[in-house]
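So the sequence lines, in the order shown, correspond to chains A and B.
Counting from 1 along the first sequence, just add 3 to a position and that's the residue number in the numbering used here.
Counting from 1 along the second sequence, just add 38 to a position and that's the residue number in the numbering used here.
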Amino acid sequence: DGGITQSPKYLFRKEGQNVTLSCEQNLNHDAMYWYRQDPGQGLRLIYYSQIVNDFQKGDIAEGYSVSREKKESFPLTVTSAQKNPTAFYLCASAPRGRGYEQYFGPGTRLTVT
Amino acid sequence: KQEVTQIPAALSVPEGENLVLNCSFTDSAIYNLQWFRQDPGKGLTSLLLIQSSQREQTSGRLNASLDKSSGRSTLYIAASQPGDSATYLCAVLRSGNTGKLIFGQGTTLQVKP
């Protein structure tokens, strides 16, 4: 089956710890994205990558880092510098040349206490 | 700065009704507009994508229209069913950009049997 996988589904961490969220796609899409969703605020873009070994900051990149070493993978690290890390994190991918229609993974709910 | 608004925030209708969900955006310079569905605690499912040169797209009981000049899009759902209950999000892709979707906050639809 083709699709986007995110793991784990739920993640719990103590304040001050870094945590890495996984995102893998087998759709052969060039572009990949990370969004954060908070109640009442909709989705906001954290980072995006249009090609391997290249990525750009989105609207709320502070306290996050990413890498894009493989086309299929775009992991997101939530660092201890992120002030409000508890949220629902969504990964997406899109092909070039088809209007950049984005396809989303199932999400990871991160809780930091 | 592009802003996307969806009104109403919530809608409750009896089964079988035809209904319209609204999306407005402040900057008409968009590359495309995408409608998504989100079930509670899940990722987003792409419903329809309208390119900036198109006026509407149809998929089954769904029809989405786009009027760039007025900064509006509507999602029409025919013969609503309880299974249509979900949050519906619209998002615009900025022109000249290759992936930065701007999301509205969504309309939560409840279809009562």
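Don't be surprised by glycine CBs; every beta carbon is placed ideally from N, CA and C.
* Which of the three DSSP states, helix, strand or coil, is assigned to glycine 45 of chain A? -> The answer is strand: DSSP assigns glycine 45 of chain A an E or B state.
* Asked: What did DSSP end up calling proline 52 of chain B once you bin it into helix, strand or coil?
  -> Strand at proline 52 of chain B.
* **threonine 8 of chain A, enclosing beta strand (DSSP E) - first and last residue** => For threonine 8 of chain A, the enclosing beta strand (DSSP E) covers residues 7–10.
* Asked: Nearest to proline 88 of chain A by CA position, among A/Phe58, A/Gly6, A/Leu24, is which residue?
  -> Selected option, being the one with the closest Cα: A/Leu24.
* State yes or no: is the C-beta of arginine 110 of chain B within less than 8 angstroms of the C-beta of serine 62 of chain B? => Going by C-beta atoms, arginine 110 of chain B is nearer than 8 angstroms to serine 62 of chain B.
* In terms of alpha-carbon separation, which member of A/Asp41, A/Arg112, A/Tyr103, A/Thr116 lies closest to tyrosine 51 of chain A? -> When each option's Cα is compared against that of tyrosine 51 of chain A, the closest is A/Tyr103.
* Asked: Using a C-beta to C-beta distance shorter than 8 angstroms, which residues of chain B count as neighbours of tyrosine 50 of chain A?
  -> Ordered by position in chain B, no residue passes the 8 angstroms Cβ test against tyrosine 50 of chain A, which lies about 11 angstroms from the chain.
* To do: Please report the residue range of the beta strand (DSSP E) in which tyrosine 92 of chain A lies.
  => In the DSSP assignment, tyrosine 92 of chain A falls within the unbroken beta strand (DSSP E) covering 90–97.
* Asked: Mapping DSSP to helix, strand and coil, what is aspartate 122 of chain B?
  -> If DSSP states are grouped into helix, strand and coil, aspartate 122 of chain B belongs with the helices.
* Simplified DSSP assignment, three categories, for valine 55 of chain A -> DSSP, read as helix, strand or coil, puts valine 55 of chain A in coil.
* To do: Report the residues of the segment 67–90 of chain B with a CB closer than 8 angstroms to any CB of chain A, ordered along the chain.
  => Cβ contacts with chain A: Tyr69, Asn70, Gln72, Phe74, Gly79, Lys80, Gly81, Leu82, Thr83, Ser84, Leu87, Gln89.
* Going by the beta-carbon positions, is the gap between leucine 139 of chain B and alanine 129 of chain B smaller than 8 angstroms? -> A distance below 8 angstroms separates the beta carbons of leucine 139 of chain B and alanine 129 of chain B.
* To the nearest angstrom, how far is it from the Cα of glutamine 59 of chain A to the Cα of glutamine 105 of chain A? -> For glutamine 59 of chain A and glutamine 105 of chain A, the distance between alpha carbons rounds to 17 angstroms.
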